[in-house]
Each structure stands twice: as C-alpha cells, then as structure tokens.
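> Residue numbers (our numbering), protein chains in the order written: chain A, 1 to 111; chain B, 1001 to 1116. After the structure tokens below, expect a handful of questions from me.
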Amino acid sequence: QKEVEQNSGPLSVPEGAIASLNCTYSDRGSQSFFWYRQYSGKSPELIMSIYSNGDKEDGRFTAQLNKASQYVSLLIRDSQPSDSATYLCAGGGTSYGKLTFGQGTILTVHP
Amino acid sequence: GAVVSQHPSWVICKSGTSVKIECRSLDFQATTMFWYRQFPKQSLMLMATSNEGSKATYEQGVEKDKFLINHASLTLSTLTVTSAHPEDSSFYICSAFNRALNYGYTFGSGTRLTVV
C-alpha cells in the first residue's frame, strides 16, 4: 500500500511564527510531491510542488524534500490568520500518475 | 495558468435519481482526469482515473456501474452518480492533468452532493 503520512495535528501557532508541516511517504518510486491548502468547503489549491532533493522557496513558503529519508516538509514563515486551513501533502508516481494524499494537517494561526 | 471549471458547485437530489457532474479544462487539454471524493474531516480519496478516449480505471471498492465516468474529449470529463443514496452524499472533486505541461494537477472547485 502506497501511503503518505502527515504529522498529527491540529497545529496551532501564533501570528508571525513559523509553522512546520511534515510528511513521510512509503513509495520510493514517488518522484513528485505537492503541498495543497484547503479551506473548509473548498477545493484544494496548490501551494508548492517539489521534485528534487533540497529546498524550494516561494515567498513565505519553503518546501523541503529528502528522498533518502522519504520526507517532505513545508515551512510557512510569518504565519497569518489567513493561512489557517487544512494542508494536504501528496505524492505522485514516476509517470505522473495518480496522486496519493496524506490525511491532512489542520493549521490554526491565532492573532 | 490552468483553469478547471466544475459544475454544479452543489446539488441536492432525491434518493434513487442520477446526478451528472461536469469538469472542463478551460485553457489546456487534460489528457488525464482524476475524480476524488471527500467526506467531512477526511482527506481526498481517489475514485477513478480517466484518460481521454478510453475507459476509466476505478480504485478498489469503487463501483464502476454506480459512478459512471466519461472522458470523451480532451477538455471535458463527466461523473454520473447513478441511483444515488444518502451515503453518496459527499464533496466530489475533479483534477485535470496534462503530462506535457508544467501545471501539475489542477483541481476543479468541487461539487457538494446531498442526497435526500
């Protein structure tokens, strides 16, 4: 069973702090990884994609991938109340086949 | 950027009737379309994968005769929930993908189905 596991939540951080979201995956064949943000009742929206080992930064967001450890993370700097949502980690196969989603981590940023 | 339009955004239907959900890629050709179902406070569960012009591949436990998927063109895929029952009430989301484009997976806005 190909699985993606996210660290247990919910996660609560104060405004302005760094939120750290973590994810591990079991399929070593996974090549592409994605972080999605989902607000209640809405569809997921792509935050970051990462394909290579190392860090990828986009504004306040940094994704990290370590294929040896089968670990993906997302850091959100200067967290804002509007970042409060469920964050979904997803991994894709070698041929960009179907995505496998983690169970999600609920993030709350309190003022 | 890639845009996927999904309709309707919500629908209420009577038990035993059928409901069709449409998913259109507006500015790119979706070679592959994925259909997900999401129950409250749960993650997305893949129901089926469809490639244009071929039959959909259903995930284990998903009834293909109940959830009919058609991907007749590169810009349109439909999911029909047949003989709907209250337990089919859920949030259905499509996701379009084109292997040749660098858009990743683009999600539709989702359809909230309530069967009464």
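C-beta: ideal position from N, C-alpha, C; glycine also.
Looking at the secondary structure, which residues open and close the beta strand (DSSP E) in which T1075/B lies?
It is not in any beta strand (DSSP E) - T1075/B carries neither H nor E in the DSSP assignment.
> Please tell me whether Y957/B has its Cβ less than 9 Å away from any Cβ of chain A.
The question about residue 957/B has no answer, for chain B in this structure spans 1001 to 1116.
> Which of the residues in the segment 1040 to 1061 of chain B, read from start to end, lie with their CB under 7 Å from any CB of chain A?
Listed in sequence order: S1043, L1044, L1046, T1049.
> Select from T1111/B, T1031/B, Y1105/B, V1116/B the residue whose C-alpha is nearest the C-alpha of K1055/B.
Among T1111/B, T1031/B, Y1105/B, V1116/B, the Cα nearest to that of K1055/B belongs to T1031/B.
> How about F1097/B and L1079/B: are their beta carbons less than 9 Å apart?
Not closer than 9 Å, so no.
> Do three or more CB pairs link the segment 85 to 94 of chain A to the segment 32 to 45 of chain A at distances below 8 Å?
Result yes; three or more Cβ-Cβ pairs closer than 8 Å.
> Going by the C-beta, is I1021/B closer than 8 Å to any heavy atom of the ligand NAD?
This structure does not include the ligand NAD; it has no bound ligands of any sort.
> Using a 10 Å radius around the Cβ and a threshold of 16 neighbouring Cβ atoms, would you call A28/A buried or exposed?
Checking the sequence, you will find Arg at residue 28/A rather than Ala. Result: exposed.
> Please state whether the Cβ-Cβ distance between C1013/B and T1114/B is less than 9 Å.
Against a cut-off of 9 Å, the Cβ pair of T1114/B and C1013/B comes out as a contact.
> Whole-angstrom Cβ separation of A1002/B and S1025/B, contact assumed at under 8 Å?
Sure, about 7 Å apart at Cβ, within 8 Å.
> Could you check whether the Cβ of Q70/A sits closer than 9 Å to any Cβ belonging to chain B?
It does not: the Cβ of Q70/A has no partner Cβ on chain B nearer than 9 Å.
> Contact between the segment 69 to 76 of chain A and the segment 5 to 22 of chain A is defined here as three or more beta-carbon pairs at a separation below 8 Å; is this criterion met?
Yes: the two stretches touch, three or more of their Cβ pairs being nearer than 8 Å.
> Please list the partners that F1028/B has in chain A, where partner means a Cβ-to-Cβ separation under 9 Å.
The premise fails here: F1028/B is roughly 14 Å from chain A at the closest Cβ pair, so nothing lies under 9 Å.
> Per DSSP, K42/A is paired with what?
Paired residue(s): none; K42/A is not in a bridge.
> Kindly indicate which residue of D1027/B, G1108/B, M1045/B, W1035/B has the alpha-carbon position closest to the one of G104/A.
Comparing Cα-Cα distances from G104/A to each of D1027/B, G1108/B, M1045/B, W1035/B, the minimum goes to M1045/B.
> What residue does the beta strand (DSSP E) around V1019/B start on, and which one ends it?
That run of the beta strand (DSSP E) goes 1019 to 1025.
> Roughly how many angstroms lie between the CA atoms of G1108/B and N1070/B, to the nearest whole one?
The alpha-carbon atoms of G1108/B and N1070/B are separated by roughly 16 Å.
> Could you please give me the residues that DSSP links to F14/A through a beta bridge?
According to the sequence shown, residue 14/A is Pro rather than Phe. Beta-bridge pairing links P14/A to H110/A.
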